[in-house]
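Asker:
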Amino acid sequence: MEVLFIDKNLLTGEIPDCWNQLESLTFLNLGNNNLTGKIPPSLGRTGLDWLNLRNNSMFGELPSTLQNLTNLRILDLSENHFSGNIPTWIGDKLSTLMILSLRSNNFDGQIPHKICDLQYLQNLDLSRNNILGAIPKCFSNLSAMANRSYDNNYSYDWGGTTTLIYLSALLVLKGREDEYSSILGLVTNMDLSANSLTGEIPKEIGILVELRSLNLSGNLLTGNIPDKIGNMELMESLDLSMNQLNGEIPPSFSNLNFLNHFNVSYNNLTGQIPTSTQLQSFENFSYMGNYLCGPPLTKNCSTKGLPTDVANNGSSSEGSKVNWLYVSIVLGFIMGFWGVVAPLFFIRSWRHAYYRKLDHVGRKLYVYWATIGM
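Residue numbers (my numbering): 1 to 374.
#1: Around the C-beta of Asp49, are 16 or more other C-beta atoms found within 10 angstroms, so that it is buried, or is it exposed?
#2: What separation, rounded to the nearest whole angstrom, lies between the Cα atoms of Glu200 and Asn268?
#3: Could you give the DSSP three-state label for Leu269: helix, strand or coil?
#4: Thinking C-beta only, is Phe258 closer than 9 angstroms to Leu279?
#5: For the alpha helix (DSSP H) holding Met145, just list the boundary residues, first then last.
#6: To which residues does DSSP link Thr70 through a beta bridge?
#7: Return the first residue and the last residue of the alpha helix (DSSP H) that Asp227 is part of.
#8: Taking only the alpha-carbon atoms, compute the straight-line gap between Thr46 and Phe27 and give it to the nearest angstrom.
#9: Quick one: Cα of Thr65 to Cα of Tyr291, how far?
#10: When burial is assigned at 16 or more other CB atoms within 10 Å of the CB, is Thr12 buried or exposed?
#11: Going by Cα to Cα distance, which pick from Leu220, Glu248, Gln272, Ser276 is closest to Gly133?
#12: Hey, out of Ile111, Leu245, Leu142, Thr277, whose CA is closest to Val205's CA?
#13: Do Lys93 and Gln67 have their C-beta atoms within less than 9 angstroms of each other?
#14: So the candidates are Lys114, Leu97, Asn129, Asp117; which of them puts its Cα closest to the Cα of Asn106?
#15: Confirm the yes/no value for this check: CB of Asn147, any heavy atom of the ligand ADP, distance under 8 angstroms.
#16: What are the boundary residues of the alpha helix (DSSP H) that Trp377 is part of?
#17: Taking the beta carbon of Ser57 as the centre, do at least 16 other beta carbons fall within 10 Å, making it buried, or is it exposed?
#18: For Ser252, which residues of its own chain have a beta-carbon under 6 angstroms away from its beta-carbon, when the five flanking residues on both sides are left out?
#19: Sorted by chain position, which residues of the same chain lie with C-beta nearer than 6 angstroms to Trp19's C-beta, five sequence neighbours on each side aside?
#20: Measuring straight from C-alpha to C-alpha, what distance separates Ser241 and Leu25?
#21: Between Ser78 and Gly218, what straight-line distance do the alpha-carbon atoms span, to the nearest angstrom?
#22: Answer yes or no: do Phe139 and Leu245 have a C-beta to C-beta separation smaller than 9 angstroms?
#23: My parser needs the alpha helix (DSSP H) runs of 4 or more residues fully inside the region 193-220; what are they?
#24: Could you spell out where the beta strand (DSSP E) holding His81 opens and where it closes?
#25: What do you get for Gln122, buried or exposed, if any count of 16 or more other CB atoms within 10 angstroms of its CB means buried?
#26: Using a Cβ-Cβ cut-off of 6 angstroms (strictly less than) and excluding sequence neighbours within five positions of Gly247, which residues of its own chain qualify?
#27: State yes or no: is the C-beta of Gly91 within less than 9 angstroms of the C-beta of Leu126?
#28: Is the beta carbon of Ser286 less than 9 angstroms from the beta carbon of Ser254?
#29: Kindly list the residues whose CB is nearer than 8 angstroms to the CB of Ile131, restricted to its own chain and excluding five residues on each side of it in sequence; keep chain order.
#30: Over what stretch of residues does the beta strand (DSSP E) that includes Asp239 continue unbroken?
Next comes the structure, spelled out in structure tokens:
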């Protein structure tokens with residue numbers, strides 16, 4: 001048996017640990033079921049080129065026997081409950097990997113630098129985990145994302161026509177999940193979103209000029225946006241939103257002529273949005289939660305390239321209204337105190353009259369409630 005596809009069923013329970021005799025198995029797709037338990041170690045004793053276990057309820061750490069799958073091209077374990085550190089042997093032993101998707105699991109620790117040794121890797125999705133630390137600078141070594149001096153499509157043709165019939169992958173690009181098959185070799189993607197990555201975006205990432213999609217949103221990244229990202233002229237989707245980035249949007253971003261999805265919202269970015277056909281075509285929500293100005297935003301820039309209200313140290317008309325509100329509240333309190341409360345302390349006749357009035361009202365209330373009680 002070379003191919004086993006039983007995906008999109010209602011399979012439950014654990015995967016049996018009985019794969020020792022299936023050394024010729026090349027394609028295994030058990031995705032989109034209700035499978036539980038751990039990955040059976042005997043899966044690592046097959047001849048798999050493609051392993052898909054996505055969208056189940058499997059858990060535990062990845063068994064070390066998977067490092068024996070030295071011909072593996074596609075590994076999709078997304079949308080499960082796998083945990084532990086991302087094993088270093090993925091980069092050390094699975095050297096032919098082209099697609100690595102560990103999306104939506106419970107992996108923690110740092111991104112192992114051995115991942116940088118995967119020269120054929122075209123799609124890396126580690127999003128929605130608990131990954132810490134910095135983005136490795138050595139990502140610049142990912143050859144398939146950096147240049148096309150060789151034809152990557154040959155790697156999808158290792159099984160002839162039969163491979164092309166079965167081969168497909170679900171990728172999340174431009175905020176959507178789509179299935180890619182015939183054009184899979186043309187899609188390059190890196191998604192590290194929704195983790196706890198810290199530090200600056202390494203400028204070395206700008207070397208990955210073949211990337212079509214880069215998503216670093218929902219992390220704790222700081223510092224300036226590297227100017228070299230503007231050299232990634234084939235980029236179609238770029239999401240840096242919900243971080244702590246500061247500084248300006250690099251002027252080189254005007255070179256990103258193929259962008260059709262762009263989001264830098266909810267950072268601490270300042271200055272004028274660079275002028276280009278693409279950057280001015282996005283909606284305001286792509287820039288909200290910053291201190292940016294200029295088209296497509298309605299907020300004008302000062303001569304310093306800052307929003308008018310920021311350039312004026314926040315002394316906008318709106319800010320003035322808020323300050324006068326506080327002033328009126330304080331003045332009202334002072335006038336009320338000295339006009340009503342203070343005389344009760346300093347004028348004896350007022351104080352006696354006040355207490356007589358309270359006593360009179362108290363007696364009336366007592367008579368009223370006594371009548372009701374009868």
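Even for Gly, the Cβ is constructed at its ideal location relative to N, Cα and C. The structure presented is a predicted model; accordingly, all values stated were derived computationally and were not measured.
Answerer: Looking at the atomic coordinates:
#1: buried
#2: 14 angstroms
#3: strand
#4: no
#5: 143-146
#6: Thr70 is not bridged to any residue.
#7: Element bounds for Asp227: n/a, residue is neither H nor E.
#8: 10 angstroms
#9: 51 angstroms
#10: exposed
#11: Leu220
#12: Here residue 205 is Ile; the residue named in the question, Val, does not match the sequence. The candidate whose alpha carbon is nearest that of Ile205 is Leu142.
#13: yes
#14: Asn129
#15: Of ligands this structure carries none, so the ligand ADP is not represented either.
#16: Since the first and last residues shown for the chain are 1 and 374, residue 377 lies out of range.
#17: exposed
#18: Asp227, Gly230
#19: Ser42, Leu43, Thr46
#20: 42 angstroms
#21: 18 angstroms
#22: no
#23: none
#24: 81-85
#25: buried
#26: Asn224
#27: no
#28: no
#29: Ile86, Phe107, Asp108, Gly109, Gln110, Ile111, Leu192, Asn195, Ser196, Leu197
#30: 237-239
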